[in-house]
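In what follows, a single structure is set out as structure tokens and then discussed.
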Amino acid sequence: MTNTETIQVYRDGNPAYPIVLSDSFGELRASLDILAPAGRKICVVSDSQVAALYLREVLDICGQAAGKAVSFVFPAGEQQKTLDTVRDLYEFLILQGFDRKDLLVALGGGVTGDLTGFAAATYLRGISFVQIPTTLLSQVDSSIGGKTGVDFDSYKNMVGAFYMPKLVYMNLSVLATLPDSQFASGMGEVIKHGCIRSRSYYQWIRENREKIRARELPELLKLVEGSCRIKKAVVEEDPTEKGLRALLNFGHTLGHAIEKEMHFSMSHGACVAAGSVAAAWISMSRGLLEKEELQQLEELFSDFGLPVRFDSLPASRILEAVKHDKKMDSGVIQFILLKEMGEAYIDRTVTFEEMEKALEYLAR
């Protein structure tokens with residue numbers, strides 16, 4: 577990749593924030609300068625793993641752009657995505673004298689982005705923040721759309737807010753050294769995007785899977801850009817998840833339940849993959865998908881190291897977790913099914929019996 581690509585996200589027809597795709601952090605200073613942080617303070621929030629890799633470089637750039645740049649680093653792991661960590665961040669910002677004209681920068685994966693965004697939405701009733709996602713999953717999913725939040729006890733993202741960043745900056749070169757398991761997790765969401773919105777994008781992934789697995793930069797650019805454009809389009813149509821945006825939950829109803837009952841020992845993308853196969857099976861059982869299409873989806877997930885079979889938990893435990901899912905509406909689950917590959921819809925008639933049969937299929 578020789579040029580920086582910029583995707584503009586809109587809210588109510590007005591520019592909301594840009595998504596900058598680059599092959600380095602070389603354009604970050606110029607992107608921050610547009611936000612006019614000169615003379616202001618920037619706090620870079622990161623976890624311990626990502627901080628060891630990229631914090632010094634990003635902090636130096638932020639220091640050049642602002643009057644003062646400091647960092648808040650918390651231990652890595654989903655278990656840190658809590659109100660306790662947010663409280664520690666609040667205290668740090670207060671002691672550092674941060675006001676509403678200063679800036680937070682989330683440097684890391686989805687945990688860091690969600691946590692920092694929630695802190696930004698609630699600190700002094702709102703402070704600007706920037707997303708710098710460093711995993712494939714956060715680049716194609718959590719950094720876009722303004723959904724922020726933290727886990728409450730064992731309930732994922734139960735406390736949160738819709739709060740848009742001022743900028744999303746993606747350095748795609750970081751994906752070259754991403755652990756295989758984390759890259760695979762991101763592919764769970766990438767493939768989901770094709771399933772729900774674009775058959776042509778889905779087919780492109782199938783045709784270019786070897787180059788994507790080799791993490792060739794031109795293919796990574798097309799991959800991330802394609803997913804970002806799909807999520808951007810859905811988010812622009814439904815910014816606060818009152819309708820169409822629910823399509824992004826394809827694979828998540830059963831996937832989130834599996835994730836919770838496994839105590840987050842499986843990656844998010846792996847759980848989404850298993851949930852997507854189950855949802856595709858229900859679509860097939862209703863005559864909406866061909867058996868061959870289900871098999872091709874399973875093959876694609878499998879080629880990226882994602883599970884298409886799951887028998888680690890009894891179906892009864894997973895279904896009980898579904899009953900406590902935040903997507904329940906008056907006791908009815910909003911389940912996302914596929915009319916065909918590349919077109920999803922919201923269905924309120926999926927029964928627990930159908931879900932149980934889908935889980936039985938996963939266990940075969």
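Sequential numbering from 577 applies to the sequence shown in our numbering. Virtual Cβ for every residue (Gly too), placed ideally from N, Cα, C.
**Item:** Option in Ile595, Ala809, Asp887 and Val898 with minimal Cα separation from Ser714
**Value:** Counting from one through the sequence shown, the residue named residue 714 turns up at place 138. Per the Cα distances, Ile595.
**Asked** How many Å lie between Gly673 and Ile637 at the Cα?
**Response** Numbered from its first residue, the sequence shown carries residue 673 at position 97. Numbered from its first residue, the sequence shown carries residue 637 at position 61. One C-alpha to the other measures close to 21 Å.
**Prompt:** Are the region 688-707 and the region 740-758 touching by the rule of at least three beta carbon pairs closer than 8 Å?
**Reply:** yes
**Asked** Using the C-alpha atoms, what's the distance from Leu823 back to Asp588?
**Response** As a first step, residue 588 must be located in the sequence shown, where it is residue number 12. As a first step, residue 823 must be located in the sequence shown, where it is residue number 247. Rounded to the nearest angstrom, the two C-alpha atoms are 20 Å apart.
**Prompt:** Can you check whether the CB of Leu876 is closer than 8 Å to the CB of Ile772?
**Reply:** Stepping through the sequence shown from its first residue, residue 772 is reached at position 196. Stepping through the sequence shown from its first residue, residue 876 is reached at position 300. Inclusion of Ile772 and Leu876 in the CB contact set at 8 Å is not warranted, their separation being larger than that value.
**Request:** Could you round the C-beta distance between Phe705 and Ala682 to whole angstroms and report it? I think they count as a contact, below 8 Å.
**Result:** One-based indexing of the sequence shown puts residue 705 at position 129. One-based indexing of the sequence shown puts residue 682 at position 106. At roughly 6 Å, the Cβ-Cβ gap stays under 8 Å, so Phe705 and Ala682 are in contact.
**Request:** Whole angstroms is fine: what's the gap from Phe840's alpha carbon to Glu654's?
**Result:** Along the sequence shown, one-based indexing puts residue 840 at 264. Along the sequence shown, one-based indexing puts residue 654 at 78. Computed Cα separation, rounded: 8 Å.
**Message:** Just to confirm before moving on: does the CB-CB distance between Ile708 and Leu680 stay below 8 Å?
**Reply:** Mapped onto the sequence shown, residue 708 falls at position 132. Mapped onto the sequence shown, residue 680 falls at position 104. Not a contact, by the Cβ cut-off of 8 Å.
**Asked** Thr688 lies in the alpha helix (DSSP H); which residues open and close that run?
**Response** Here residue 688 refers to the residue found at position 112 of the sequence shown. Element bounds for Thr688: Gly686 to Thr698.
**Prompt:** What number of angstroms, rounded off, separates the C-alpha of Ser607 from the C-alpha of Leu864?
**Reply:** Residue mapping note: residue 607 aligns to position 31 of the sequence shown, counting from 1. Residue mapping note: residue 864 aligns to position 288 of the sequence shown, counting from 1. C-alpha separation (whole angstroms): 45 Å.
**Message:** I'd like the span of the beta strand (DSSP E) that includes Phe911, first residue to last.
**Reply:** Against the sequence shown, residue 911 aligns to sequence position 335. Start and end: Phe911 to Glu916.
**Request:** Return the bridge partner residues of Phe705 from the DSSP annotation.
**Result:** Here the question's residue 705 lines up with position 129 in the sequence shown. Bridge partners of Phe705: Leu680.
**Request:** Compute the beta-carbon to beta-carbon distance between Phe880 and Arg791, rounded to the nearest angstrom, for a pair I have assumed lies under 8 Å.
**Result:** By 1-based counting over the sequence shown, the position of residue 880 is 304. By 1-based counting over the sequence shown, the position of residue 791 is 215. Not confirmed; about 12 Å, so no contact.
**Request:** Put Met860 into one of helix, strand or coil per three-state DSSP.
**Result:** Translated into the one-based positions of the sequence shown, residue 860 becomes position 284. Note: Met860 maps to helix in three-state DSSP.
**Message:** Strictly by DSSP, which residues pair up with Cys619?
**Reply:** As a first step, residue 619 is located in the sequence shown; it is residue number 43 there, counting from the start. Beta-bridge pairing links Cys619 to Val646 and Leu680.
**Request:** From the DSSP output, read off the bridge partner residues of Thr724.
**Result:** Position 148 of the sequence shown, counted from the first residue, corresponds to residue 724. Answer is Ala737, bridged to Thr724.
**Asked** Going by other Cβ atoms of all chains shown within 10 Å of its Cβ, with 16 needed for buried, is Tyr586 buried or exposed?
**Response** Indexing the sequence shown from 1 puts residue 586 at position 10. So Tyr586 ends up on the exposed side.
**Lys818 in three-state terms, based on DSSP** = Taking the sequence shown and counting its residues from 1, the one referred to as residue 818 is at position 242. If DSSP states are grouped into helix, strand and coil, Lys818 belongs with coil.
**Message:** Just list the residues that DSSP pairs Pro591 with in beta bridges.
**Reply:** Taking the sequence shown and counting its residues from 1, the one referred to as residue 591 is at position 15. Residue pairing of Pro591 in beta bridges, as defined by DSSP: Tyr586.
**Cβ-based neighbour list, Ala897, same chain, cut-off 7 Å, excluding 5 preceding and 5 following** = To locate residue 897, count along the sequence shown from 1; it is residue 321. Taken in chain order, the residues that qualify are Ala833, Lys836 and Glu837.
**Item:** Boundaries of the beta strand (DSSP E) in which Met748 is found, first to last residue
**Value:** Mapped onto the sequence shown, residue 748 falls at position 172. Residue identity check: residue 748 is Leu in the sequence provided, not Met. Looking at the DSSP string, Leu748 is not in any beta strand (DSSP E), and its letter there is neither H nor E.
**Item:** In DSSP terms, what Asp943 is bridged to
**Value:** Outside the displayed range of the chain (577 to 940) lies residue 943, so it cannot be described from this structure.
**Continuous alpha helix (DSSP H) stretch holding Lys798: start and end** = Start at 1 with the first residue of the sequence shown, and residue 798 comes out as number 222. Leu793 to Glu813 is the span of the alpha helix (DSSP H), which, as asked, contains Lys798.
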